[in-house]
Amino acid sequence: MSVRRPNPNTLITGPNDIVDLGGGVAGATITVGAENTNVRAIAIQLKDGQGNDLAVRASVEIAVFADANGDAFVATGGSTGIAVGTDGALLPIVGKKLFRAVSEADGDIDLTWTDTGTEAAYLGVILPSGKVIISAALTNT
13 MSVRRPNPNT LITGPNDIVD LGGGVAGATI TVGAENTNVR AIAIQLKDGQ GNDLAVRASV
73 EIAVFADANG DAFVATGGST GIAVGTDGAL LPIVGKKLFR AVSEADGDID LTWTDTGTEA
133 AYLGVILPSG KVIISAALTN T
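Here the sequence shown stands for residues 13 to 153, numbered as in this note's numbering.
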């Protein structure tokens, strides 16, 4: 557990005081690469409560949604869909739609999206808190 505050001799009193109760996953960034022969690279960086890159392995759920709001799952999930890249591990829960992912020790998860069609799709990282971080469109042309 770590507490960061401007004056360590006072109680937590202001908006700049941050308490991290265990260094777990509190956020994520998702970078979607350009389409290259029906494939897009997806890089996920898990973040701690202070917005820093996570420095431990962590587990999150990953969903493939039909819209940027996460209102519905995709219909088919691409021709091949989501696959793990060089960082992390991926276990399908519901084929092409819902997964459990484990990051590398530095909080990275690398994936690929393959679709020979043009299905509208968005990747969502579901944090342990229930908050969902949604990517830019995965839709290929």
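Note that beta-carbon positions come from the ideal geometry of N, C-alpha and C, so glycine has one too. In this text the structure is predicted, and so the values were computed from the model without any measurement.
field: Identified DSSP bridge partners for Asp120
entry: Beta-bridge pairing links Asp120 to Gln57.
- request: Could you name the residues that DSSP lists as bridge partners for Gly136?
  value: According to DSSP, which records beta bridges pairwise, Gly136 is partnered with Ala75 and Ile146.
- prompt: Taking the continuous beta strand (DSSP E) assigned at Thr43, which residues delimit it?
  reply: Boundaries of the beta strand (DSSP E) around Thr43: Gly39 to Val44.
message: Between the region 64-72 and the region 110-121, can you find at least three pairs of beta-carbon atoms closer than 8 Å?
response: With a cut-off of 8 Å, the region 64-72 and the region 110-121 count as touching, because enough Cβ pairs lie within range.
Delimiting residues of the beta strand (DSSP E) encompassing Gly93: Run containing Gly93: Gly93 to Val96, per the beta strand (DSSP E) assignment.
task: Count the other CB atoms, across all protein chains shown, that sit within 10 Å of the CB of Gly129; report buried if there are 16 or more and exposed otherwise.
output: In this structure Gly129 is exposed. Its beta-carbon is surrounded by fewer than 16 other beta-carbon atoms within 10 angstroms.
message: Whether or not the region 42-49 and the region 100-111 are in contact is what I'm after, with contact meaning three or more pairs of Cβ atoms, one per stretch, closer than 8 Å; do they touch?
response: They do not touch, by the three-pair rule.
- prompt: Looking at Asp99 and Ile74, is the spacing between their C-beta atoms short of 7 Å?
  reply: Cβ atoms of Ile74 and Asp99: not closer than 7 Å.
query: Can you tell me whether Asp127 is buried or exposed, with buried defined as 16 or more other CB within 10 angstroms of its CB?
result: By the neighbour-count rule (16 or more Cβ atoms within 10 Å), Asp127 is buried.
- prompt: Should Asp79 go down as buried or exposed, given a rule of 16 or more other Cβ atoms within 10 Å for buried?
  reply: When all chains shown are included, Asp79 counts as exposed.
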